[in-house]
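Following my numbering, the numbering of the sequence shown begins with 0 at its first residue and continues without gaps. Virtual Cβ for every residue (Gly too), placed ideally from N, Cα, C. Reading through the structure tokens given below for one structure.
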Amino acid sequence: MMNRRILRIAIPSIVSNITVPLLGLVDVSIVGHMGEAAYIGAIAVGGLLFNMLYWNFGFLRMGTSGLTSQAYGRQDPAGEVRVLTQALCVGLISSVFILLVQYPVEWLAFRLLETSVGVEAYAIRYFRVCIWGAPAVLMMYGFKGWFIGMQNSRFPMFIAIAVNCINIVCSLVMVFLLHWKIEGVALGTVIAEWSGLGMALVLWKRRYGFLREYFTFRGSLQWGAMKRFFSVNRDIFFRTVCLIAVTAFFTSAGARQGDTILAVNTLLMQLFTLFSYIMDGFAYAGEALVGRYIGACDAGKLRHAVRNLFGWGVVLSLLFTLLYGVGGERFLGLLTEEREVVEEAGHYFYWAMAVPLAGFAAFLWDGVLIGATATRQMLRAMLIACASFFLLCYLFSGTTDNHALWAAFLIYLALRGILQTYWGRVIFSPDYGRKLSGK
Numbered sequence: 000m001m002n003r004r005i006l007r008i009a010i011p012s013i014v015s016n017i018t019v020p021l022l023g024l025v026d027v028s029i030v031g032h033m034g035e036a037a038y039i040g041a042i043a044v045g046g047l048l049f050n051m052l053y054w055n056f057g058f059l060r061m062g063t064s065g066l067t068s069q070a071y072g073r074q075d076p077a078g079e080v081r082v083l084t085q086a087l088c089v090g091l092i093s094s095v096f097i098l099l100v101q102y103p104v105e106w107l108a109f110r111l112l113e114t115s116v117g118v119e120a121y122a123i124r125y126f127r128v129c130i131w132g133a134p135a136v137l138m139m140y141g142f143k144g145w146f147i148g149m150q151n152s153r154f155p156m157f158i159a160i161a162v163n164c165i166n167i168v169c170s171l172v173m174v175f176l177l178h179w180k181i182e183g184v185a186l187g188t189v190i191a192e193w194s195g196l197g198m199a200l201v202l203w204k205r206r207y208g209f210l211r212e213y214f215t216f217r218g219s220l221q222w223g224a225m226k227r228f229f230s231v232n233r234d235i236f237f238r239t240v241c242l243i244a245v246t247a248f249f250t251s252a253g254a255r256q257g258d259t260i261l262a263v264n265t266l267l268m269q270l271f272t273l274f275s276y277i278m279d280g281f282a283y284a285g286e287a288l289v290g291r292y293i294g295a296c297d298a299g300k301l302r303h304a305v306r307n308l309f310g311w312g313v314v315l316s317l318l319f320t321l322l323y324g325v326g327g328e329r330f331l332g333l334l335t336e337e338r339e340v341v342e343e344a345g346h347y348f349y350w351a352m353a354v355p356l357a358g359f360a361a362f363l364w365d366g367v368l369i370g371a372t373a374t375r376q377m378l379r380a381m382l383i384a385c386a387s388f389f390l391l392c393y394l395f396s397g398t399t400d401n402h403a404l405w406a407a408f409l410i411y412l413a414l415r416g417i418l419q420t421y422w423g424r425v426i427f428s429p430d431y432g433r434k435l436s437g438k
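In structure tokens form, the structure reads like this:
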């Protein structure tokens, strides 16, 4: 029964995760037939900029999921509606701020990114259209987290599939029928994002419309009600900043070793990304179920859920290690025809093979601690792991090569899991759920 509940949330979440890179892939595929290489570079630069911009607001999804699942567990419909109201309002206000400062952000971004004049000109045109999708994107973070917290990961999956289909159709029409070039690609993305938000509203009304009677705008936004929302999301925000810092440094450190090493690391990180899409699905299940059982003060089911989640984590990490060992290098051959890069990747491939076993605990504990709203423990583990990564890179800089970079990255992943295992024990305290609910 518990495994069925885990899979009911995890599988649709995995499908949703896999659709995430499709938006960028669709845009690249379309501009790739527009007859100018600078268009592809502009989409790549624009996509990177928006990923970095929106990634900082990931707390809107994660924090909303944990708080909602706890309200669901304690059968508190007013609390469920309050969390959604807070998430949507914070998302809307944040997006308005982004729109107001879009030109300074644009100026700073293109001063930091080294691109050709042609790529920068097209990327700016792409950015100035796509930025108007910010309210839809950030408010959708709130809806996605809320649906997951309500134990419903099917709605985010339906929305993600619909958004990709709409994006494909709109972009094709605007580029090849209306001849709007890169602005057409950007507008197709914006239309898809706003359509996704509209679909979320319709699905919410049809499935959860009965909760409207619990809606109190003023009560939801009072400081007492918002204090816990901001406390949880503050920790997740700083944790995300550390995550971005490690990822950005890993990429830049590879780039300093030359184009071949940069290409090798980019390819090998695709193996990490593929594994992360799968494990994130189970982390989402952890957010939903752990929050639910903590809200219900059901310690038995809480332990059962965590135990089963880590059972899935061990099995999947062993499976992916085996798959990478058997067919990983052939997979890299599908990604590039550059034999030099594939051969060079073979010297570092065992590091990528070790990622599943080193990292699965960190992924799962992130979900468990978000569901428990024990975000301070998650942040502490991330800060120490992040510091260890940069310390190791500093100590071995100039004396070793790409092996040291990968070793530091694996230690960073493993240390997150180890520290969260130690500090995460607090959620199993009999009084933990009662303290959160104020009982």
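Secondary structure of residue i, DSSP reduced to three states
i	result
Ser396	coil
His402	helix
Glu54	What sits at residue 54 in the sequence shown is Trp, not Glu. If DSSP states are grouped into helix, strand and coil, Trp54 belongs with the helices.
Leu220	coil
Pro11	helix
Arg255	coil
Arg306	helix
Trp179	coil
Asp297	coil
Asp430	coil
Gln419	helix
Ala26	For clarity, residue 26 is Asp in the given sequence; the question names Ala instead. Looking at Asp26 - three-state DSSP - the assignment turns out to be helix.
Arg205	helix
Thr215	coil
Met173	helix
Gln269	helix
Gln74	coil
Met0	coil
Spatial distance of residue i from residue j (CA atoms)
i	j	result
Leu382	Arg238	7 angstroms
Asn166	Phe229	33 angstroms
Phe408	Phe388	6 angstroms
Tyr349	Cys385	22 angstroms
Ala77	Phe56	25 angstroms
Val25	Phe109	24 angstroms
Trp439	Ser275	With the chain covering only 0 through 438, there is no way to say anything about residue 439.
Thr272	Cys296	35 angstroms
Met138	Gly72	24 angstroms
Tyr323	Ala360	19 angstroms
Leu418	Gly358	12 angstroms
Phe427	Phe309	15 angstroms
Trp54	Gly46	12 angstroms
Glu339	Gly257	13 angstroms
Phe142	Ala191	16 angstroms
Gln269	Arg81	38 angstroms
Gly223	Arg291	22 angstroms
Phe135	Asp75	The sequence given here places Ala at residue 135; Phe does not occur at that position. Spanning the two alpha carbons is a distance of roughly 27 angstroms.
Lys180	Asp430	59 angstroms
Phe395	Thr84	48 angstroms
Ala298	Asn401	45 angstroms
Leu247	Ala254	Reading off the sequence, residue 247 comes out as Ala, not Leu. In a straight line, the C-alpha of Ala247 is about 11 angstroms away from that of Ala254.
Arg415	His178	49 angstroms
Thr320	Leu87	40 angstroms
Arg60	Glu182	29 angstroms
Val263	Ile243	20 angstroms
Trp405	Ser251	13 angstroms
Tyr140	Tyr283	13 angstroms
Trp193	Ala287	26 angstroms
Phe49	Val116	20 angstroms
Exercise. Any chance the stretch 362-372 sits against the stretch 53-68, with 3 or more Cβ pairs inside 8 angstroms?
Worked result: With a cut-off of 8 angstroms, the stretch 53-68 and the stretch 362-372 count as touching, because enough Cβ pairs lie within range.
For this session: Examine the Cβ distances between the stretch 342-353 and the stretch 211-218 and report whether three or more of them are shorter than 8 angstroms.
Result: These segments do not touch.
Problem set entry | the stretch 147-154 contacting the stretch 89-100, beta-carbon criterion three pairs below 8 angstroms | Output reads no: the stretch 89-100 does not touch the stretch 147-154.
Exercise. Counting Cβ pairs, one atom from each stretch, are 3 or more of them under 8 angstroms apart for the stretch 95-107 and the stretch 118-129?
Worked result: Contact holds between the stretch 95-107 and the stretch 118-129, because three or more Cβ pairs, one in each stretch, are under 8 angstroms apart.
For this session: Decide if the stretch 153-168 is in contact with the stretch 95-102; the criterion is three or more beta carbon pairs, one per stretch, under 8 angstroms apart.
Result: no
Problem set entry | Segments assigned beta strand (DSSP E), at least 3 residues, entirely inside the stretch 86-164 | none
Exercise. Taking the runs of the alpha helix (DSSP H) that are 4 residues or longer, which of them lie wholly in the stretch 338-414?
Worked result: 338-344, 348-370, 374-394
Exercise. Are there three or more Cβ pairs, one per stretch, closer than 8 angstroms when the stretch 304-322 is compared with the stretch 341-348?
Worked result: Counting C-beta pairs closer than 8 angstroms gives fewer than three between the stretch 304-322 and the stretch 341-348, which falls short of the contact rule.
Exercise. Is there contact between the stretch 412-425 and the stretch 373-380, where contact requires at least three CB pairs shorter than 8 angstroms?
Worked result: yes
For this session: Could you tell me whether the stretch 233-251 touches the stretch 166-185, where touching means 3 or more Cβ pairs closer than 8 angstroms?
Result: no
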